[in-house]
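Shown next as structure tokens:
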């Protein structure tokens, strides 16, 4: 019995994967290819991808925003969970990394669900708001440059319907958020974002200790 979240050892983490991870072969192939890249640590953990796919299914989401694509693991995971007519607006600035994502979307047969916008996400999201698409989306995943997390959050909150869900990655930032010696731009931005959300009454929140910390924010009515 425990009244607080367990600290996972490597062996216990492996057990967690052994008894719960149902990773499709194409997801595993993408994860293994990404592992050989210089920025492989930018990819989400497989159990987080599975968790997000379940959130999409539980919420009945069909229209998703993704801020930060990298090589496409998260968009592949949620794209596979979406209905055939589902839609993912994927925002990124790297053609190199998203070319890998495109290849796997194609192989998985979900490329028709993905609308990749190679431009700064703030420009893409601002354009959607200007076009009157507020409340048109069901789910958003934010995993991009940390100093702009607050702006991405505000834009996504505007674009989400009431009851829609925002998932924000890296909110524990490998423990740096509680280290006063860490005062770099990214760490300071994540701290400020976390402190804002705990009192943001527009949403219901839960910080889930999965991966590098995933905050869920449900837009209230």
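Residue numbers (this note's numbering): 4 to 224. The beta carbon of each residue, even a glycine, is placed where N, CA and C say it ideally should be.
- Your pair residue 54 and residue 213 checks out as a contact, with CB atoms roughly 6 Å apart and the cut at 8 Å.
- Runs of the alpha helix (DSSP H) lying entirely within the stretch 85–150, each at least 4 residues long, are 98–111, 124–133 in chain order.
- Judged by pairs of C-beta atoms under 8 Å, the stretch 114–134 touches the stretch 71–85, as three or more such pairs exist.
- Taking C-beta atoms under 8 Å as the contact rule, residue 170 and residue 147 fail to qualify, at a distance of about 13 Å.
- In this structure residue 134 is not in contact with residue 162, their Cβ atoms being roughly 10 Å apart against a cut-off of 8 Å.
- Rounded to the nearest whole angstrom, the CA to CA distance from residue 32 to residue 39 is 12 Å.
- Bounds of the beta strand (DSSP E) holding residue 207 are 206–211.
- Non-local beta-carbon contacts of residue 24 in its own chain, meaning distances under 8 Å to residues more than five positions away in sequence, involve 49, 50, 53 in chain order.
- In the three-state reduction of the DSSP assignment, residue 168 falls in the strand class.
- Closest by C-alpha distance to residue 174, out of 184, 107, 191, 12, is 191.
- Shown here, residue 69 sits in a strand according to DSSP, grouped into three states.
- Rounded to whole angstroms, the separation of the alpha carbons of residue 129 and residue 120 is 13 Å.
- For residue 221, the enclosing beta strand (DSSP E) starts and ends at 217–222.
- In this structure, residue 79 lies near residue 30, with their beta-carbon atoms less than 9 Å apart.
- Using a Cβ distance threshold of 9 Å, residue 67 and residue 141 count as a contacting pair.
- Just so you know, the alpha carbons of residue 198 and residue 206 end up roughly 14 Å apart.
- Look at residue 15 here: in three-state DSSP terms it is helix.
- Around residue 177, the same chain offers 215 as residues with beta carbons nearer than 7 Å, after the five sequence neighbours per side are excluded.
- In this structure, residue 208 keeps its C-beta atom at 9 Å or more from the C-beta atom of residue 217.
- Around the beta carbon of residue 95, a 10 Å sphere encloses 16 or more other beta carbons of the protein chains shown; the residue is thus reported as buried.
- Excluding the 5 residues flanking it on each side, residue 34 has same chain C-beta neighbours closer than 7 Å at 46, 49, 76, in chain order.
- When the Cα atoms are used, residue 222 and residue 43 turn out to be separated by approximately 32 Å.
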